[in-house]
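Asks:
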Amino acid sequence: NLTTAGVVYGDGASNEAFGLTVDRRSGELQLQGWGSTYDFESTTDGLAGGFVIQSVVLDGNDFFHFKDGLLIDSGTNVFDTVVESLVLGGEIAGLGEAELSISAALIYDRALSDSERLDVENYLRETYIDDNIL
């Protein structure tokens, strides 16, 4: 049973979640708000190629979605996230789990600047990817 999964916090109701997932149908990386209207799918494959660093910066209502430091999607949405739970490797509404490895999940209470985001991504790459090539 395929499910959309990743790192998501909130609630499994329309626009009440926020997180980074791999879409169950397309295999593409997405920013999930929950519900097709509030899920922002990139055109970037999230299933091939081993470990990746997927990140998002939410600045006000504008979001910028990255894979390995490169912008893959951006847009605007008023997320109405209801913080009830944090789910790693599963679906926020309890609809299933997925086989994926999550080395780290960092969540900040503010938008990172570009230089801060790059510093964090470099730290993650050096810590979890560069020395652990499978």
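Going letter by letter, the sequence shown gives residues 102 to 235 in the numbering used here.
Quick reminder that beta carbons are idealized off the backbone N, C-alpha and C, glycines included.
These numbers come from a predicted model, not from an experiment.
Let me know if Ser-143 comes out buried or exposed under the rule of 16 or more other beta-carbons within 10 Å of its beta-carbon.
Replies: Buried: at least 16 other Cβ atoms inside 10 Å.
Asks: Under the rule that 16 or more other beta-carbon atoms within 10 Å means buried, what is Asp-45, buried or exposed?
Replies: This structure cannot settle anything about residue 45, because the visible part of the chain is limited to 102 through 235.
Asks: Thinking C-beta only, is Phe-180 closer than 8 Å to Asn-223?
Replies: No, the pair does not count as a contact, with Cβ atoms beyond the cut-off.
Asks: Rounded to whole angstroms, what's the CA-CA distance from Ser-175 to Phe-165? Just pull it up for me.
Replies: Rounded to whole angstroms, Ser-175 to Phe-165 spans 4 Å at the Cα level.
Asks: Would you check if the distance between the CB atom of Leu-201 and the CB atom of Ile-154 is smaller than 8 Å?
Replies: No, Cβ-Cβ distance for Leu-201 and Ile-154 is not below 8 Å.
Asks: Which class does Tyr-110 belong to by DSSP, given the choice of helix, strand or coil?
Replies: Strand, per DSSP.
Asks: Assuming Gly-134 contacts Asn-178 (C-beta within less than 8 Å), just tell me the rounded distance between them.
Replies: Contact flag correct, Cβ pair sits at about 6 Å.
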